[in-house]
Amino acid sequence: IVVLFWIYFGLPDTGVSWLTLSSYTAAVAGLGAVGGAFLGEVFRSGIQALHRGQREAALSLGMTPFKALRWIILPQAVRIVLPPLANYAVGLLKDTSLCAIIAVPELLLRAKNLASDTFLPMQAYVLAAVFYYAMSFPMMRFAEYLEARMAAGR
155 IVVLFWIYFG LPDTGVSWLT LSSYTAAVAG LGAVGGAFLG EVFRSGIQAL
205 HRGQREAALS LGMTPFKALR WIILPQAVRI VLPPLANYAV GLLKDTSLCA
255 IIAVPELLLR AKNLASDTFL PMQAYVLAAV FYYAMSFPMM RFAEYLEARM
305 AAGR
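Take the sequence shown: its letters are residues 155 to 308, numbered as in my numbering.
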């Protein structure tokens, strides 16, 4: 929330006119910045979880550091980081509701407007929950499929 506020309300106050962003652009930038930092840490921990000998073996075979990372380290690290990546993807889907704070018309804000227009809040919010579930359930099933497929190769 702080990052969204800072990007949407703070950047225009710097006096630089081109830093004034639309609410949608600010939401994408804010969620992207936080997500980039989080995913960077996830991949860093996945790479550090591998035994140091993997890199040393690749380098001793004459691979460049980039080739060692590309062909040896990253494929093994992806197996480690896949569960946190899947959890983050579903969490990011749910975090889009935070963007309503900076006037991005997202699903939960639409449900709130529907509830106030029809005076049927229970139905509106249950419908929003069904939509969130309908979007997140296939994502989790796909992640489980990928995890099982990668585990079968071990």
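Idealized CB from N, CA, C, for every residue including glycine. A quick note: this is a predicted structure, and the numbers were derived from the prediction, not measured.
In the three-state reduction of the DSSP assignment, Ile155 falls in the coil class, being assigned neither a helical nor a strand state. Under the 8 Å Cβ criterion, the region 253-270 does not count as touching the region 228-239, having fewer than three qualifying pairs. Between Ile155 and Leu252, the gap from beta carbon to beta carbon is short of 7 Å. The continuous alpha helix (DSSP H) containing Pro292 extends over residues 275-306. Rounded to the nearest angstrom, the gap between the Cα atoms of Gln208 and Phe159 is 43 Å. In this structure, Leu247 and Ala254 do not form a Cβ contact; the two beta carbons are roughly 14 Å apart against a cut-off of 8 Å. Take the alpha-carbon of Gln277 and the one of Ala212: they are about 58 Å apart. It is roughly 13 Å from the alpha-carbon of Met289 to the alpha-carbon of Asp249. Of the residues Thr179, Leu300, Pro219, the one whose Cα lies closest to the Cα of Ala257 is Thr179. The three-state reading of DSSP puts Gly216 in coil, since its state is none of H, G, I, E or B.
Between the alpha carbons of Val235 and Gly200 lies a gap of roughly 6 Å. Counting along the chain, the unbroken alpha helix (DSSP H) around Thr179 starts and ends at 177-202. Met304 sits away from Val244, with the two beta carbons spaced by 7 Å or more.
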